[in-house]
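Encoded as structure tokens, the structure appears first; notes follow it.
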Amino acid sequence: MLAKTEELTVEKIIKFMEERKYVTDESIAMAIYLALTLKKPLLIEGEAGCGKTEIAKILSDILDTELIRLQCYEGLDVNSAIYEWDYLRQLLKIRLEESKKKPEEIESSIFSERFLLKRPLLKAVLKEDKEPVLLIDEIDRADEEFEGFLLEFLAEFQVTIPEIGTLRARKDPIVILTSNRTREIGDGIRRRCLYLYLTYPTLEKEVKIVRLKSPNINERLSLQICRFVKKLRESDEIIKKPGISETLDWASSLTLLHKDSLDIETVQKTLSCLLKSSQDVKRFDYTRIKSILDEIEENESKGEFNRFL
Amino acid sequence: MNLKESLTDFSRLLRQEGIKLTVAEVLDAARALSYIDLMDRGQFYHSLRITLVKKGEFYELYDRLFRLFWEKRLKIQKEKIESINQISSYENLSEIKEYINKNEKEGEEVTLTLYSPIEIKNIKILNPKDSYRKEIQRNIRRFKRFLATLAGRRVKSAIRGDIDPRKILRKNLGYGGELIKVVKKRKVKSRAKIILLCDVSGSMDGYSDYLVELLYHFKNSLHNTEVFLFSTNLIRITNDLSQGSIDYVARSITKRASIWGSGTKIGYCLGLFVKRYPELIDYNSILVIVSDGWDVGDIDELKANLRWLKERVSSLVWLNPLLDIQDYKPETLGMKIALPYIDIFASLSIFKDSKIYEKYFGKAIRYS
Ligand SMILES: Nc1ncnc2c1ncn2[C@@H]1O[C@H](COP(=O)(O)OP(=O)(O)OP(=O)(O)O)[C@@H](O)[C@H]1O
Ligand SMILES: [Mg+2]
Numbered sequence: 006m007l008a009k010t011e012e013l014t015v016e017k018i019i020k021f022m023e024e025r026k027y028v029t030d031e032s033i034a035m036a037i038y039l040a041l042t043l044k045k046p047l048l049i050e051g052e053a054g055c056g057k058t059e060i061a062k063i064l065s066d067i068l069d070t071e072l073i074r075l076q077c078y079e080g081l082d083v084n085s086a087i088y089e090w091d092y093l094r095q096l097l098k099i100r101l102e103e104s105k106k107k108p109e110e111i112e113s114s115i116f117s118e119r120f121l122l123k124r125p126l127l128k129a130v131l132k133e134d135k136e137p138v139l140l141i142d143e144i145d146r147a148d149e150e151f152e153g154f155l156l157e158f159l160a161e162f163q164v165t166i167p168e169i170g171t172l173r174a175r176k177d178p179i180v181i182l183t184s185n186r187t188r189e190i191g192d193g194i195r196r197r198c199l200y201l202y203l204t205y206p207t208l209e210k211e212v213k214i215v216r217l218k219s220p221n222i223n224e225r226l227s228l229q230i231c232r233f234v235k236k237l238r239e240s241d242e243i244i245k246k247p248g249i250s251e252t253l254d255w256a257s258s259l260t261l262l263h264k265d266s267l268d269i270e271t272v273q274k275t276l277s278c279l280l281k282s283s284q285d286v287k288r289f290d291y292t293r294i295k296s297i298l299d300e301i302e303e304n305e306s307k308g309e310f311n312r313f314l
Numbered sequence: 053m054n055l056k057e058s059l060t061d062f063s064r065l066l067r068q069e070g071i072k073l074t075v076a077e078v079l080d081a082a083r084a085l086s087y088i089d090l091m092d093r094g095q096f097y098h099s100l101r102i103t104l105v106k107k108g109e110f111y112e113l114y115d116r117l118f119r120l121f122w123e124k125r126l127k128i129q130k131e132k133i134e135s136i137n138q139i140s141s142y143e144n145l146s147e148i149k150e151y152i153n154k155n156e157k158e159g160e161e162v163t164l165t166l167y168s169p170i171e172i173k174n175i176k177i178l179n180p181k182d183s184y185r186k187e188i189q190r191n192i193r194r195f196k197r198f199l200a201t202l203a204g205r206r207v208k209s210a211i212r213g214d215i216d217p218r219k220i221l222r223k224n225l226g227y228g229g230e231l232i233k234v235v236k237k238r239k240v241k242s243r244a245k246i247i248l249l250c251d252v253s254g255s256m257d258g259y260s261d262y263l264v265e266l267l268y269h270f271k272n273s274l275h276n277t278e279v280f281l282f283s284t285n286l287i288r289i290t291n292d293l294s295q296g297s298i299d300y301v302a303r304s305i306t307k308r309a310s311i312w313g314s315g316t317k318i319g320y321c322l323g324l325f326v327k328r329y330p331e332l333i334d335y336n337s338i339l340v341i342v343s344d345g346w347d348v349g350d351i352d353e354l355k356a357n358l359r360w361l362k363e364r365v366s367s368l369v370w371l372n373p374l375l376d377i378q379d380y381k382p383e384t385l386g387m388k389i390a391l392p393y394i395d396i397f398a399s400l401s402i403f404k405d406s407k408i409y410e411k412y413f414g415k416a417i418r419y420s
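So the sequences go chain by chain: L and R.
Under this note's numbering, the first residue of the first sequence carries the number 6, and numbering increases by one thereafter.
Under this note's numbering, the first residue of the second sequence carries the number 53, and numbering increases by one thereafter.
Printed below as a string of structure tokens:
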């Protein structure tokens, strides 16, 4: 664990991440390193299930600081990202004090910090002891207007509450934004952020991930799994390609079934771990399973599978 | 060839190839390089990618350009660079494009051609500091004379509307083009007042040293100058500028300008200026806005204030550092809004480099 960001090096980041079971290459470690040293937000884009969100979670663990998460969704408005007044409690207070106090007094008391429902961005601003990791997850789901607001927020780390005033962060949060590119993020955000694009891992990396996450898995099986997934990703007919999460799901299902290698029947039975869209399931040509398994066998007979063992 | 210059060249190459990037991002890259192990190829590769390439689809292109630029760079020998310096002129970098598409097997030859236009451009940057200062002073004097010809009369601007600085530039570069002399016979005694409004937000960080020099010399060689800094607020620093040596001044305004380096709201700050200093605004004033035009804040506010000012000052000058960048087009929302109100749109480096000054002002610019 790290006390101060000053002590960070790229090598240490890799080590700390891997201790937390996140396989990290230089590009990821460097992105984190620069985000921390240059104190700039990091925008991570990439395919679904390739480890974007996880980076923020693990980073907060490494830095031993709070993870504040703003999950974006369609229609997310500024208020639900910053604060809302707790109307219920305000009403209650008014009822209680109506007879005893002047309306102005009541008003000023109910529009105070105690009656604020703090949403993630305000939380991040109010955090005083240690800079939190602020994860703004799936920003592509929010609309452009919100993005515009976010851009301002990232520049100043302050929020204005008309009844209270402007609050500025004591410690600028470490910001990680993620996007699955369902909507193109504007250039403004891109310019402001450091950037990392995460795509499907290489075979080596994925095997490493599977072994790290399911240590009991048979070595040969782990390689077969990753080869299979890789070939599946390469085939055009699949629209929603399996990410690392799907590989990991599949691996744990197969371990539960006590399998130590892939066969047609097992793959058929468990394919739903990999194909998540009903369209893909319907359209999938099941004879592909056999041909992929044959290809894998050929790889193995050439001794290629020993490479990682 | 130092690293900073190479980095500038490299970012120029990326831009040329269609990777959009701003000066602020190049500065991020420069900062990043100061935190890494420069001998480590991987760290170098990734830190430039993280700071300069903001879309996944550019990764492959970046990879090619990186290898082409940095790895071959090491192989260029000194004498070759010198011979390159003798090549006289280059129109543009389109040849780079060609070579990049070609097979890299061509090796050294490719490199030589690839680097030549960039190397030539760099030579001028190597000015010793003293002459740089003199240059600024000289160009300010020239600018003063130029402005004198404008002051007191409204400039009709043919370059209103869809202005194309490059066209103007080209026109002025050519010989035998139809160059019209700016009114020279009338000796106008200048009553011109210059009001400098200078953007000091984050994206302008990279110019702050130069800006301090510039503002200092402006105020001290042209005392009818008013100077303001703005980002999200506006402060007047006219008096601070004539209070001592440049180093002293630099320290004291940095202290005052706590706004230095934050976001920008140009429209809002122009509004503050209008409200707080109406007495400065009249037909003798030349309003000079120094800004890269990013993050202008409220667009309507910007427009309204520019329009208001435009009708009340002698002329409106906008100096944009980004104009030095090849292929830069003032296409940010802010610049687009502003252009119709601008009489003179020029690069910020007109004062530090006589050649650039001349491109814009040396020969006459036509207003007709
Ligand atoms: N490099 C890695 N090392 C170890 N585990 C990884 C790695 N990358 C991804 N994972 C695992 O894959 C799963 C998906 O990761 P995560 O949720 O971060 O992906 P995501 O890119 O945010 O996905 P989505 O686009 O669906 O939000 C997690 O269980 C994560 O632990
Ligand atoms: Mg996610």
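A virtual CB, placed ideally from N, CA and C, is assigned to each residue, including glycine.
beta-carbon residue i near ligand 2 non-hydrogen atom, thresh 6 Å
{"i": "K62 (chain L)", "result": "no"}
{"i": "T58 (chain L)", "result": "yes"}
For residue i, three-class secondary structure by DSSP
{"i": "E278 (chain R)", "result": "strand"}
{"i": "L182 (chain L)", "result": "strand"}
{"i": "S117 (chain L)", "result": "coil"}
{"i": "E50 (chain L)", "result": "strand"}
{"i": "D66 (chain L)", "result": "helix"}
{"i": "L391 (chain R)", "result": "helix"}
{"i": "V105 (chain R)", "result": "coil"}
{"i": "Y409 (chain R)", "result": "helix"}
{"i": "W122 (chain R)", "result": "helix"}
{"i": "F397 (chain R)", "result": "strand"}
{"i": "N372 (chain R)", "result": "strand"}
{"i": "K154 (chain R)", "result": "Unreliable placement is indicated for K154 (chain R), whose pLDDT of 42 sits below 50; the coordinate value is still reported in the next sentence. K154 (chain R) falls in the coil class under three-state DSSP."}
{"i": "G70 (chain R)", "result": "coil"}
{"i": "Y300 (chain R)", "result": "helix"}
{"i": "D89 (chain R)", "result": "coil"}
{"i": "I99 (chain L)", "result": "helix"}
{"i": "I341 (chain R)", "result": "strand"}
Proximity to residue i [Cα-Cα], best of the options
{"i": "L4 (chain L)", "options": "L:V28, L:E136, L:L96, L:L298", "result": "This structure gives no information on residue 4 (chain L), because the portion of chain L shown stretches from 6 to 314."}
{"i": "F195 (chain R)", "options": "R:W360, R:L249, R:S273", "result": "R:S273"}
{"i": "S255 (chain R)", "options": "R:R101, R:Y412, R:V75, R:R116", "result": "R:V75"}
{"i": "Y268 (chain R)", "options": "R:L286, R:N285, R:G258, R:T306", "result": "R:T306"}
{"i": "L120 (chain R)", "options": "R:L65, R:D89, R:A82, R:L375", "result": "R:L65"}
{"i": "I115 (chain L)", "options": "L:Q229, L:C55, L:I169", "result": "L:I169"}
{"i": "Y88 (chain L)", "options": "L:P125, L:L64, L:Q95, L:K44", "result": "L:P125"}
{"i": "T251 (chain R)", "options": "R:L332, R:Y320, R:R328", "result": "With the sequence shown as reference, residue 251 (chain R) is identified as Asp, and Thr is not the correct amino acid for it. Comparing Cα positions, the closest option is R:Y320."}
{"i": "D334 (chain R)", "options": "R:K271, R:R185, R:S367", "result": "R:S367"}
{"i": "T70 (chain L)", "options": "L:E133, L:E12, L:L93, L:E23", "result": "L:E133"}
{"i": "T42 (chain L)", "options": "R:A398, R:D89, R:R83, R:D92", "result": "R:R83"}
{"i": "L122 (chain L)", "options": "L:L139, L:P46, L:I166, L:G56", "result": "L:I166"}
{"i": "T14 (chain L)", "options": "R:R67, R:L332, R:D89", "result": "R:D89"}
{"i": "I318 (chain R)", "options": "R:I287, R:D350, R:E331", "result": "R:D350"}
Inter-residue CB distance, residue i and residue j (contact presumed, cutoff 8 Å)
{"i": "T252 (chain L)", "j": "V234 (chain L)", "result": "5 Å"}
{"i": "T284 (chain R)", "j": "L248 (chain R)", "result": "18 Å between Cβ atoms; not a contact."}
{"i": "I71 (chain R)", "j": "L100 (chain R)", "result": "Rounded, the Cβ-Cβ distance is 11 Å, inconsistent with contact."}
Below-7 Å beta-carbon distance, residue i vs any chain A residue
{"i": "A390 (chain R)", "result": "No chain A appears in the structure shown, which is made up of the protein chains L and R."}
Residue i beta carbon near ligand 1 (any heavy atom closer than 6 Å)
{"i": "I188 (chain R)", "result": "no"}
{"i": "G345 (chain R)", "result": "no"}
{"i": "Y78 (chain L)", "result": "no"}
{"i": "I3 (chain L)", "result": "The requested residue 3 (chain L) does not occur in the structure, where chain L is confined to residues 6 to 314."}
{"i": "I249 (chain L)", "result": "yes"}
{"i": "A53 (chain L)", "result": "yes"}
{"i": "Y3 (chain L)", "result": "Missing from the structure shown is residue 3 (chain L); chain L here goes from 6 to 314 and no further."}
{"i": "Y262 (chain R)", "result": "no"}
{"i": "Y27 (chain L)", "result": "yes"}
{"i": "N84 (chain L)", "result": "no"}
Chain R contacts made by the region 172-184 of chain L, where a contact means CB separation under 9 Å
Here the close residues number zero.
Which residues, taken in chain order from the region 22-42 of chain L, show a beta carbon closer than 7 Å to some beta carbon of chain R?
Within the region 22-42 of chain L, the residues whose Cβ lies closer than 7 Å to some Cβ of chain R are E31, S32, M35, A36, L39, T42, listed in chain order.
Along the region 103-114 of chain R, what residues have a CB closer than 7 Å to any CB found in chain L?
Those would be T103, V105, K106, G108, Y111, in chain order.
Contact list for the region 67-96 of chain R against chain L, Cβ threshold 9 Å:
So the list reads K72, L73, T74, A76, E77, D80, R83, A84, Y87, I88, D89, D92, G94, Q95, given in the order they occur along the chain.
Residues within the region 44-73 of chain L neighbouring chain R, beta-carbon criterion of under 9 Å:
Within the region 44-73 of chain L, those residues whose Cβ lies closer than 9 Å to any Cβ of chain R are, in chain order, K45, L47, L48, E50, G51.
Within 9 Å of chain R by C-beta, residues of the region 200-218 of chain L in sequence order
Cβ contacts with chain R: Y200, L201, Y202, L203, T204.
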